[in-house]
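Numbered according to mature numbering (1 follows the signal peptide of the UniProt record, and there is no 0), the sequence shown spans residues -32 to -1, 1 to 544. From the three backbone atoms N, C-alpha and C, an ideal C-beta is built for every residue, glycine too. Every value quoted in this text rests on a predicted model; they were computed, and no experiment measured them.
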Amino acid sequence: MECHKLSAKPCSSYLFFVILLIFASLASFADAAVHYHDFVIEAKPVKRLCRTHSTITVNGQFPGPTLEVRDGDTLVIKAINRARYNITLHWHGIRQLRNPWADGPEYVTQCPIQPGRSYTYQFTIQNQEGTLWWHAHSRWLRATVYGALIIYPKLGSPYPFPMPKKEIPILLGEWWDRDPMDVLRLALFTGAAPNVSDAFTINGQPGDLYRCSSKETAIFPVEAGETILLRIINSAMNQELFFGVANHKLTVVAVDAAYTKPFTTNVIMIAPGQTTNVLLTADQPSARYYMAAHAYNTANAPFDNTTTTAILEYKSAPCSAKKGQPVKPIFPQLPGFNDTATATAFTAQIKSPSQVKVPIEIDESLFFTVGLGLINCSNPNSPRCQGPNGTRFAASINNVSFVLPRRNSLMQAYYQGQPGIFTADFPPVPPIQFDYTGNVSRGLWQPVKGTKLFKLKFGSTVQIVFQDTSIVTVEDHPMHLHGYQFYVVGSGFGNFDPSNDPAKFNLIDPPQRNTIGTPPGGWVAIRFVADNPGIWLLHCHIDTHLPWGLATAFLVENGVGKLQTVQPPPLDLPPC
């Protein structure tokens, strides 16, 4: 702010003005802080749904610690693994410019941190503010290893909306009444789909509608008339969710750490990996109101049909006549589990606050089919072939079912010039064109396994159309691209029409995201500039689909000079 005041006055000396500018820039650097944290990953007893489980936590907390920083700050987080599983941590949505070593997906940018070992993640927030989150990126450990990552604006920079009275992180999660790693292990052995969760949670608590849970239901007190900011994060493993607060309007102001044109809604739909910031004004009669979330399910498959709740409690809410007990909360009206019309209408309203610089001339136009598949078994009666009709479930992009390496991580192999870990021949289009959302021939249901990457030149402009398929079932696949934010320029149902659909793209104010779902039986188009060198995972954030192979990675080549080149790896990068 000082710079603006000074520049409004005529300066007698150009040199004096230059010195002031230097001091102003130094002051802005001085505002940036370095935050040091130890994240101790270890099993702790956690009781939910009447039973105590030995649960993998960070610093004994479930959910894990909330990280609060400002744009420009640096985080130095020492991950100390005292659990019995290999683990890595991912800072979901952080761009990690030139620094894939801090990104975290196991066997992609690093080998996992083995039990008894540690690794320090160090990264700087650069031109990002809003709500992100962190989570384990090793198999199903993120079921309990996750937390909020809140980035405030730089000092002196206000929000582009009225300042809320208070801010509340809302982490929507998923709970299994058993070890999630055992659930995954059984599914990978049998080839069948994993068991669905037993509860959804808000800030780690299932809420009043589950057994043995009401005493710990999260309660958020508010004063009548005040406006609060809810920072909503879908940290569930496998489920898009509808979320609402009884009798209260929600004004959406940001998604995935990018501001939006504000709009008001009764309900939001949020996919795994996504974040949504909403303003809520406590403008209703003083009472207790449920905030609730339940499944938005788009696949022809079993799902957790329960509802998690927390309570928005006006401090002046009256008690009931019975022994001063609180009044029973009012319940919100949430859409039906299969209400695609509401989900689509909500997503269509999300736009950038003003005109943005969308890539117009496209260097790499990619068409990626995303969906499930089935692997045929030579012995369909085998205990390892318990999928549909004696098969094993799989998933793929462009018929390639992605296999993570084990001998080395992709990034280390690339940096060290080690051959035989991956190939850079991922197909830009499906190997066979077909009616993607129609009645697909069973001959096209079996994908090919491989560790194939797609190579991008630094600075190239990229368009990807993600096309859902009806193989096994149509489904909303929330696709997450590490190391990047992208513009969502269009979407629709049915098969993408390259002749007519691009004319309908929003190239003026499309939203910026890091995770976007394919409409079930439809397509979504994104654009970005490949300005971050390294290897960056692209995958479906439904964690059942990741080990089945619904992933690939971009190898973005170095550009020219230090600022366009991957920085050297840290000395404590874990070995495989």
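task = Let me know the secondary structure DSSP gives residue 418 once reduced to three states.
result = Indexing the sequence shown from 1 puts residue 418 at position 450. DSSP places residue 418 in strand when its eight states are reduced to three.
request  = Mind checking which residues open and close the beta strand (DSSP E) that includes residue 90?
outcome  = On the sequence shown, residue 90 is found 122 positions in, with the first residue counted as 1. From DSSP, the beta strand (DSSP E) with residue 90 extends over 86 to 92.
key: Collapsed DSSP secondary structure at residue 519 in the structure displayed   = For this step, residue 519 is matched to residue 551 along the sequence shown. In this structure, residue 519 counts as strand in the three-state DSSP scheme.
task = Give the DSSP bridge partners of residue 436, in chain order.
result = Taking the sequence shown and counting its residues from 1, one reaches residue 436 at position 468. When DSSP reads this structure, residue 436 sits in a beta bridge with 338.
query = In terms of residues, what are the limits of the alpha helix (DSSP H) holding residue 378?
reply = For the purposes of this step, residue 378 is taken as residue 410 along the sequence shown, with counting starting at 1. For residue 378, the uninterrupted alpha helix (DSSP H) segment begins and ends at 378 to 384.
message = To the nearest angstrom, how far is the alpha carbon of residue -29 from that of residue 454?
response = As a first step, residue -29 must be located in the sequence shown, where it is residue number 4. As a first step, residue 454 must be located in the sequence shown, where it is residue number 486. Low confidence applies to residue -29: its pLDDT is 33, below 50, so where it sits in the model is not reliable, and the reading given next is rough at best. Put simply, the backbone Cα of residue -29 is about 32 Å away from that of residue 454.
task = Taking only the alpha-carbon atoms, compute the straight-line gap between residue 65 and residue 423 and give it to the nearest angstrom.
result = Position 97 of the sequence shown holds residue 65. Position 455 of the sequence shown holds residue 423. Those two C-alpha atoms are separated by around 18 Å.
ask   = Between which two residues does the alpha helix (DSSP H) carrying residue 151 extend?
value = The residue labelled residue 151 in the question sits at position 183 within the sequence shown. Here the alpha helix (DSSP H) through residue 151 covers 148 to 158.
inquiry  = Does residue 480 come out as helix, strand or coil in the three-state DSSP assignment?
reply    = For the purposes of this step, residue 480 is taken as the residue at position 512 of the sequence shown. The three-state secondary structure of residue 480, taken from DSSP, is strand.
request  = Just grab the DSSP bridge partners of residue 22 for me.
outcome  = As a first step, residue 22 is located in the sequence shown; it is residue number 54 there, counting from the start. According to DSSP, residue 22 shares a beta bridge with 13.
message = Please list the terminal residues of the continuous alpha helix (DSSP H) segment that includes residue 231.
response = Locating residue 231 in the sequence shown gives position 263, where the first residue counts as 1. Per DSSP, residue 231 belongs to no alpha helix (DSSP H); it is in the beta strand (DSSP E), 226 to 233.
query = By DSSP, does residue 106 sit in helix, in strand, or in coil?
reply = Taking the sequence shown and counting its residues from 1, the one referred to as residue 106 is at position 138. DSSP places residue 106 in coil when its eight states are reduced to three.
message = Taking DSSP's pairing of strands, which residues face residue 391 in a bridge?
response = Counting from 1 along the sequence shown, the entry for residue 391 is found at position 423. Paired residues: 420.
request  = Evaluate residue 212 with the Cβ neighbour count: other Cβ atoms within 10 Å of its Cβ, from every protein chain shown; 16 or more gives buried, anything less gives exposed.
outcome  = Here residue 212 refers to the residue found at position 244 when the sequence shown is read from its first residue. Looking at its Cβ environment, which holds 16 or more other Cβ atoms inside 10 Å, residue 212 is buried.
ask   = What do you reckon, are the CB atoms on residue 450 and residue 413 nearer than 8 Å?
value = Position 482 of the sequence shown holds residue 450. Position 445 of the sequence shown holds residue 413. In this structure, residue 413 does not lie closer than 8 Å to residue 450 by Cβ.
query = residue 197 and residue -2: beta carbons closer than 8 Å?
reply = If you number the sequence shown from 1, residue 197 lands on position 229. If you number the sequence shown from 1, residue -2 lands on position 31. Cβ atoms of residue 197 and residue -2: not closer than 8 Å.
ask   = Would you call residue 97 buried or exposed, if buried means 16 or more other Cβ atoms sit within 10 Å of its Cβ?
value = In the sequence shown, residue 97 corresponds to position 129, counting from 1. Buried, since its Cβ has 16 or more Cβ neighbours within 10 Å.
request  = Using the DSSP secondary-structure output, state which residues sit across from residue 97 in a beta bridge.
outcome  = As a first step, residue 97 is located in the sequence shown; it is residue number 129 there, counting from the start. None; residue 97 has no bridge partner.
query = Is it right to say residue 524 is buried, meaning 16 or more other beta carbons lie within 10 angstroms of its own, or is it exposed?
reply = Numbered from its first residue, the sequence shown carries residue 524 at position 556. It is buried - the Cβ of residue 524 has at least 16 other Cβ atoms within 10 Å.
query = Does DSSP put residue 410 in a helix, a strand or coil?
reply = For the purposes of this step, residue 410 is taken as residue 442 along the sequence shown, with counting starting at 1. Residue state, collapsed to three classes: helix.
key: Residue burial classification, residue 551 (beta-carbon count within 10 angstroms, cutoff 16)   = The shown model of the chain, from -32 to 544, leaves out residue 551, and the question about it has no answer.
key: Rounded separation between residue -12 and residue 41 - CA only   = The residue labelled residue -12 in the question sits at position 21 within the sequence shown. The residue labelled residue 41 in the question sits at position 73 within the sequence shown. Its pLDDT being 40, under 50, residue -12 is placed unreliably in this model, and the value from its coordinates should be taken loosely. Near 21 Å, if we compare the C-alpha coordinates of residue 41 and residue -12.
Start-to-end residues for the beta strand (DSSP E) that takes in residue 222 = Within the sequence shown, residue 222 is the residue found at index 254, counting from 1. Segment 218 to 223, the beta strand (DSSP E) holding residue 222.
message = If you follow the beta strand (DSSP E) that residue 244 is in, where does it begin and where does it stop?
response = As a first step, residue 244 is located in the sequence shown; it is residue number 276 there, counting from the start. Under the DSSP assignment, residue 244 falls in the beta strand (DSSP E) whose first and last residues are 243 to 249.
query = Closest Cβ-Cβ distance between residue 278 and chain B: below 8 Å?
reply = Among the chains in the structure shown there is no chain B, since it carries only a single protein chain.
request  = Specify the secondary structure class of residue 133 as computed by DSSP and reduced to three states.
outcome  = The sequence position of residue 133 within the sequence shown is 165, counting from 1. DSSP, reduced to helix, strand and coil, places residue 133 outside both helices and strands of the structure shown, so it counts as coil.
inquiry  = When you compare the CB positions of residue 485 and residue 461, do they come within less than 8 Å of one another, or not?
reply    = Residue mapping note: residue 485 aligns to position 517 of the sequence shown, counting from 1. Residue mapping note: residue 461 aligns to position 493 of the sequence shown, counting from 1. At a Cβ-Cβ threshold of 8 Å, residue 485 and residue 461 do not count as neighbours.
query = Who are the near neighbours of residue 371 in its chain, counting only those whose CB is closer than 6 Å to its CB and skipping five residues on each side?
reply = Taking the sequence shown and counting its residues from 1, one reaches residue 371 at position 403. For residue 371, where only same-chain residues beyond five positions count, the Cβ hits under 6 Å are 417, 419.
ask   = Is residue 443 helix, strand or coil when you go by DSSP?
value = Here the question's residue 443 lines up with position 475 in the sequence shown. Correct three-state label for residue 443: coil.
Assigned exposure category for residue 360 - 16 Cβ within 10 Å defines buried = Locating residue 360 in the sequence shown gives position 392, counting from the first residue. Classification of residue 360: buried, given that the 10 Å Cβ count is 16 or more.
Residue 7, DSSP secondary structure in three states = One-based indexing of the sequence shown puts residue 7 at position 39. Note: residue 7 maps to strand in three-state DSSP.
ask   = Span of the alpha helix (DSSP H) holding residue 314?
value = The residue labelled residue 314 in the question sits at position 346 within the sequence shown. Its alpha helix (DSSP H) spans residues 308 to 316.
request  = Report the three-state DSSP secondary structure of residue 509 (helix, strand or coil).
outcome  = Counting from one through the sequence shown, the residue named residue 509 turns up at place 541. Of the three classes helix, strand and coil, the one that applies to residue 509 here is coil, per DSSP.
key: C-alpha distance - residue 298 paired with residue 258, whole-angstrom precision   = Taking the first residue of the sequence shown as position 1, residue 298 is located at position 330. Taking the first residue of the sequence shown as position 1, residue 258 is located at position 290. Whole-angstrom Cα-Cα distance: 6 Å.
task = Return the chain-ordered list of same chain residues with a C-beta closer than 8 Å to the C-beta of residue 236, the five sequence neighbours on each side being excluded.
result = Against the sequence shown, residue 236 aligns to sequence position 268. Hits under 8 Å: 200, 210, 211, 212, 218, 220, 244, 246, 314.
query = Out of 520, 95, 156, 179, which has the shortest C-alpha to C-alpha gap to residue 38?
reply = Counting from one through the sequence shown, the residue named residue 38 turns up at place 70. Closest option to residue 38, Cα to Cα, is 95.
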